[in-house]
Amino acid sequence: MPKIELAPSILSANFAQLAVDAKAALDAGGTLLHVDVMDGHFVPNITIGPPVVKSLRGALPDVIFDCHLMIEYPDELIPAFAEAGATWISVHQEACVHLDRTLHLIESHGCQPGVVINPATPVEMLDEVLDIVHHVLVMSVNPGFGGQKFIRGALRKIELLANTRAKLGLNFRIEVDGGIALDTVADVVRAGAELLVAGNAVFGSGNIGENVRNLLQAAKGAKLARA
Ligand code: DX5
Ligand code: ZN
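Using this note's numbering, read the sequence shown as starting at 59 and increasing by one per residue.
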């Protein structure tokens with residue numbers, strides 16, 4: 059059974075001390091740093107660009123940076139994110155006219171390619187690329203902001219992806235992003251997700267380390283129940 063991992067999303071961290079907050083989440087058991095890149099066009103918000111990724115990379119040299127590009131024309135910026143220190147780069151199916159080309163572009167820059175689908179996009183839109191992606195990210199909120207309510211339709215999509223992966227003998231990893239908290243994490247793990255992005259539930263309130271430990275404990279409990 060795939061390993062459950064928590065990817066703290068720095069979107070909800072304190073931007074005046076990103077590396078400090080990120081370290082607190084990673085020290086407590088987070089294994090990937092989820093970096094939400096927004097351009098004010100594909101989504102109605104603006105966040106992080108390559109210079110911030112580069113600074114974070116300097117502060118956190120060995121961490122996997124899981125860069126989620128919510129931008130139009132990702133091909134234009136993939137080289138800059140790779141150069142800045144991204145490890146994984148995912149692009150939205152809805153933003154890519156030539157999705158196969160874009161995924162190969164990511165790979166050609168030495169990063170692991172991932173594809174993301176919005177809540178209204180069916181899993182079937184990914185059929186032709188499942189064999190070339192490292193991960194599939196299922197959005198369980200409409201992208202743009204942290205702290206939104208989990209959309210339960212994502213569960214069926216995660217199940218479908220897990221079944222397809224088993225049926226076709228593929229290796230892509232299944233990630234979920236949006237509204238992951240103590241009241242939803244067990245459901246997504248039971249559905250088959252293994253990479254769990256959490257922003258508000260990690261950085262929103264309380265102690266960052268404690269939040270990470272509680273989420274991981276709930277996720278691993280659900281995994282044991284599934285096994
Ligand atoms: C939303 C982002 C998410 C966001 C999730 O557009 O892609 O990564 O940080 O935040 P929470 O966990 O607060 O829903
Ligand atoms: Zn994200």
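We treat Cβ as the ideally placed atom computed from N, Cα and C, and that holds for glycine.
These figures come from a predicted structure and were not determined experimentally.
- In chain order, the residues positioned with their C-beta nearer than 5 Å to some heavy atom of ligand 2 are D94, H126 and D235.
- Using a cutoff of 8 Å, the CB of P102 does not count as near ligand 1, since none of the ligand's heavy atoms is closer than that.
- The residues A249 and G250, in chain order, have a CB closer than 7 Å to that of E217 in the same chain once the five nearest residues on each side in sequence are set aside.
- Going by C-alpha positions, V181 is about 26 Å away from G168.
- Shown here, L273 sits in a helix according to DSSP, grouped into three states.
- DSSP places L163 outside any beta strand (DSSP E); the residue lies instead in the alpha helix (DSSP H), whose first and last residues are L157 to S166.
- The beta carbon of R271 sits closer than 7 Å to those of A86 and G87, all from its chain and outside the five residues before and after it, given in chain order.
- Look at L188 here: in three-state DSSP terms it is coil, with no helix or strand label.
- By a beta-carbon distance limit of 8 Å, I68 does not contact V101. Their separation comes to about 16 Å.
- Here I106 is actually not in contact with V121; their C-beta atoms are around 15 Å apart, not less than 8 Å.
- Short note on G98: C-beta not closer than 8 Å to any heavy atom of ligand 1.
- Ligand 1 never approaches I209 closely enough for any of its heavy atoms to be under 8 Å from the residue's Cβ.
- In its chain, beyond the 5 residues on either side, L135, A138, F139, E141 and A142 have a beta carbon closer than 8 Å to the beta carbon of P108.
- Ligand 1 has a heavy atom closer than 8 Å to the beta-carbon of I238.
- Judged by DSSP in its simplified three-state form, D241 adopts coil rather than helix or strand.
- Residue pairing by DSSP puts H126 in a beta bridge opposite D94 and S148.
- CA-to-CA, the gap between A244 and K281 works out to about 8 Å.
- Proximity of the stretch 194-214 to the stretch 222-241 meets the contact definition, three or more beta-carbon pairs being nearer than 8 Å.
- Taking all protein chains in view, the Cβ of L226 is surrounded by fewer than 16 other Cβ atoms within 10 Å, so the residue is classified as exposed.
- Of all alpha-carbon atoms in Q170, C154 and L161, the one lying nearest the alpha-carbon of N176 is that of C154.
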